[in-house]
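Heads up, the thing below is written out as structure tokens.
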Amino acid sequence: MNAMSKEWGLSVAFSLFLMLVFGLGLVWLNIERVDLAYDLNQIQRDINETESLVAKLEVERNTLVTPERLRALAAHYGLGQARAGQIRRISDAGDVTVSTLTPAETPAADGKQ
Amino acid sequence: MNRKATVNKPQKPARDWSRAKIILVCSFVFLGWLGLWARAGYLQIIQGDELASKAMRQHVASELDRGSRGQILDRNGMLLAKSVELCAVYARPAEVKEPAKAAAILAPILGQSQGELLEKLTSKRGFVYLERRVADKTAAKVREADLDGVHLGVDYGRSYPNRHLAGQLLGFVNVDDKGVEGLELALNDRLAGKRAEYAVQRDASGRRLYLDAEGREMQNLNGQDIRLTIDSHIQFFAEEELAKAVEKNHAVRGVTMVIHVPTAEILAWANYPYFNPNNVVGLKPGAGRNRAAVDVYEPGSTMKPLLVASALQEGVVRPDTTIYCEKGRYSYAKRVIRDTHPYGDLTVAEVIRSSSNIGAAKIGAKLGPAKLFAYFSRLGFGKRTGLPLAGESSGLVRPLKQWMPIDTATASFGQGIGVTAIQLAQAYHILANDGLYKPLQLVLDSDQPVVETAPVRVFDADVARTVQRMMRDVVQEEGGTGGNAMIEGLEVGGKTGTAQKAKPGGGYGNKYLGSFVAFVPAVGPEYLILTMIDEPEPSHYGGVVAAPAVREVTLKTLSYLGRMPETVKLAKGQEQIHPVQADREILEIANVGATTHVDAKSVPDFAGMPLRRAVEILAKKGIVPKLEGQGLVVSGQTPAPGAPWPAEEASRQNDAGGFVLKLARPS
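So the sequences go chain by chain: A and B. Counting in the numbering used here, the first sequence runs from 57 upward without gaps. Counting in the numbering used here, the second sequence runs from 174 upward without gaps.
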């Protein structure tokens, strides 16, 4: 009988101990979870701010390469539109490509063919 | 005895209360325990739902989120429109302690009057916007002012980095980032960010905590990006030349379009006067109007090639069919039709080249109203193009049964029928595309499923080519009305249009629409360029006011695309180079140059070397040579061969002056 009581007592004590541990663990997890949520919030804010900055910088970059500004810069550096006969594309093999827009066929407006 | 008696007297046994106490305590514990259980049961079972919902309201908040609006890009990925996060300045008037002082501080920062701000700051409302979409610098100043009750919030604004470029085509959005005009309106469903509602936990101070898997990042709420067929640079050229033409000819407005014929993609869509969608405050009515799609014009003589193509297709005329043009005055259906010159007999080709109204009226009469009307329909007149255009007009083509006899004649030379610029472009595209109808494209990545349909042929290919040749004569041949669009070294086709504008009260006044449609090159064209100049003065002829603009747009576009014609007459003093001969020479020289030994320690001999190779060698040494003379072959150099390489610093300081390559044409 005494042995049984001792076993019961130990079981109850162990159970209470486990409950205490689990309870504390649960509280700790909850605190960690909330802390993590705060961190996530902060990270999310940082991401949003960075994305916002990236968007503004992208607009700024595009503002710097608008045709209007490139034209002004070209004029500043003495560059201009290529004129006829000035464009040559030379490949590494030495092949030269001229304009691919060749004059059309000989006039022959003579009706249906 | 007494003592004995006392000793022997049996003692009254002590009452044992311990059991009762235990029972009592157990009872109390049991009752307490039972009470707790009862209370717990009451809270859980009876009041459970109500309390749970109350707790939910305390711990969980509903948050409405909206994704950002999609970008609009040109065909090369250049940004045309993008939403960016800006700041909104708002106030809670109840929290503002000194409204007058706050108004005085904010007025110069926000650019508003003190009175206006004071009115907002003393408002009885709980929340009031002081300014929306403010720039970061302004927001920083407001933050620095640190005024009670004045706060900064997040706001989204639409930015158009190219300012007025394609302004009317793009349109604009309202303060809620919703499309109001142009493509912003027409494609709003695709561009707009989606809305979503989230349940988020919040702590005691109300901060939102995203704890579950239903976080915002789980869904893509952002609107779709849209890539247009527009090329920013070609658009810029079109707008630049259109502006010049409108200003030079004292016109009120104009439209220019550039279309790539094989793909039917619209490369430029220019309206003038310009419209900057970044600044829509105090916008004048009509300033953001996309006139190329909305305004209806009588096209005038630009209708003639379409008429002739229809007549050729039906076989009622041949290109060499002679039409008598009545010496410039023709009475028909109780009206008088006039030409600018007293033409006699003209072939059909000459009717186009000379732009004879009488000739066109007679061809129209041969075709007949029913067939003419049918071709108008096939060419797309009287119906919308199907492009994503807000407020696009379907033009004005009266039902056939309402046509009077004179209508066939006037419609033949583009009067009495109303079309939009984009409809005219679509009709000419059929002619340019060898008679095949292909819908024009404005959006490259359309969300519409690609449906393979049988191509619709409006004209036979040979008919279309014949008319293309006739249009070539308009520009290339003497006496053609489009000579101002001529580009040496390249055959350009075109047709001028000079249409009298109808008065609001009926009849025709003294205002005109000058237009020009060009094919580049003339036969089998790759590019279609259309320009309309509205109400030019004093000259109003399409060949005078619009054709030069088309020529300049063509030259700039071809130069940008690296496709300039090779045999154009160069400026005075410059040597004309025949491309074939030049290319052969370059190839020969390139072969020689490839074997040239380059001594790394000293300057090599560049003589006889192709310019390209010499520049490559020098570039590897960080030297940018100065070029003297003309040609593609190096004939001499400074410093001389064998000399030590210029020091890097000296070379940098001297820049191009440090190394000179003399050029000559190969002998």
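Using N, Cα and C, we set each Cβ at its ideal position, and we do this for glycine too.
Taking the CB atoms as reference points, tell me whether residue i and residue j lie closer together than 8 Å.
i: V665/B; j: P694/B; result: yes
i: P450/B; j: F345/B; result: yes
i: S688/B; j: P472/B; result: yes
i: V616/B; j: I399/B; result: yes
i: Y447/B; j: G340/B; result: yes
i: L800/B; j: L836/B; result: yes
i: A365/B; j: G396/B; result: yes
i: A312/B; j: L325/B; result: yes
i: Y445/B; j: R426/B; result: yes
i: L609/B; j: P628/B; result: yes
Closest to residue i by CA distance: which of the options is it?
i: L805/B; options: R305/B, S256/B, F549/B and A787/B; result: A787/B
i: F632/B; options: A547/B, G716/B and I595/B; result: A547/B
i: T262/B; options: G243/B, R305/B and E289/B; result: The question names Thr, but residue 262/B is Val in the sequence shown. Of G243/B, R305/B and E289/B, the residue nearest in Cα terms is R305/B.
i: E438/B; options: A598/B, A634/B, E710/B and W210/B; result: A598/B
i: Y516/B; options: Y505/B, S528/B and I219/B; result: S528/B
i: R645/B; options: A634/B, E789/B, M659/B and D635/B; result: M659/B
i: E105/A; options: L617/B, V257/B and F689/B; result: V257/B
i: T704/B; options: G667/B, R736/B, C199/B and W576/B; result: G667/B
i: L686/B; options: G501/B, G670/B and G679/B; result: G670/B
i: R248/B; options: Q408/B, E354/B, R336/B and D222/B; result: Q408/B
i: L731/B; options: E699/B, A719/B and P721/B; result: E699/B
i: A466/B; options: L728/B, L617/B, V431/B and V592/B; result: V592/B
i: V489/B; options: R464/B, I536/B, E499/B and S550/B; result: I536/B
i: V373/B; options: M229/B, L456/B and W190/B; result: M229/B
i: E487/B; options: V425/B, K539/B and G214/B; result: K539/B
i: S405/B; options: L394/B, M430/B and H423/B; result: M430/B
i: Y505/B; options: P578/B, R642/B and R462/B; result: P578/B
i: T436/B; options: Q614/B, G815/B, R242/B and Q673/B; result: Q614/B
i: V353/B; options: A234/B, L834/B and G564/B; result: G564/B
i: A675/B; options: G735/B, T475/B and V469/B; result: V469/B
i: Y733/B; options: R127/A, L74/A and L96/A; result: R127/A
Please report how far the alpha carbon of residue i lies from the alpha carbon of residue j, in whole angstroms.
i: Q231/B; j: D376/B; result: 9 Å
i: L440/B; j: Q244/B; result: 18 Å
i: L560/B; j: P612/B; result: 8 Å
i: L519/B; j: R491/B; result: 12 Å
i: L290/B; j: L259/B; result: 20 Å
i: F78/A; j: P266/B; result: 51 Å
i: N606/B; j: I143/A; result: 28 Å
i: W576/B; j: N657/B; result: 36 Å
i: A275/B; j: P281/B; result: 11 Å
i: P709/B; j: A416/B; result: 12 Å
i: L76/A; j: S67/A; result: 14 Å
i: E499/B; j: H602/B; result: 32 Å
i: I211/A; j: V723/B; result: Coverage of chain A is limited to positions 57 through 169, which leaves residue 211/A absent and any answer about it impossible.
i: L294/B; j: E317/B; result: 18 Å
i: S775/B; j: P812/B; result: 10 Å
i: S567/B; j: P783/B; result: 58 Å
i: I103/A; j: V690/B; result: 51 Å
i: T475/B; j: H132/A; result: 41 Å
i: A193/B; j: W206/B; result: 19 Å
Per DSSP, which one or two residues make a beta bridge with residue i?
i: R239/B; result: R368/B
i: M705/B; result: V428/B and S688/B
i: E710/B; result: BP columns for E710/B are empty, so no partner.
i: T520/B; result: T495/B
i: S504/B; result: V509/B
i: Q596/B; result: In DSSP, Q596/B forms no bridge with anything.
Buried or exposed for residue i, going by 16 or more other Cβ atoms inside 10 Å?
i: G795/B; result: exposed
i: A69/A; result: exposed
i: I590/B; result: buried
i: V348/B; result: exposed
i: N683/B; result: exposed
i: A386/B; result: Summary for A386/B: the model assigns pLDDT 48, below 50, so the residue's position carries little reliability; its value from the coordinates is reported in the next sentence. By the neighbour-count rule (16 or more Cβ atoms within 10 Å), A386/B is not buried but exposed.
i: H433/B; result: buried
i: Q596/B; result: buried
i: T513/B; result: exposed
i: G299/B; result: exposed
i: R642/B; result: buried
i: M60/A; result: exposed
i: E107/A; result: exposed
Would the beta-carbon of residue i be found less than 7 Å away from any heavy atom of the ligand PLP?
i: K314/B; result: By its list of ligands, the structure shown contains no ligand whatsoever, and the ligand PLP lies outside what it can speak to.
Got a sec: which bits of the segment 329-350 of chain B sit with their beta carbon under 8 Å from any beta carbon on chain E, in order along the chain? Protein chains A and B are contained in the structure displayed, whereas chain E is not.
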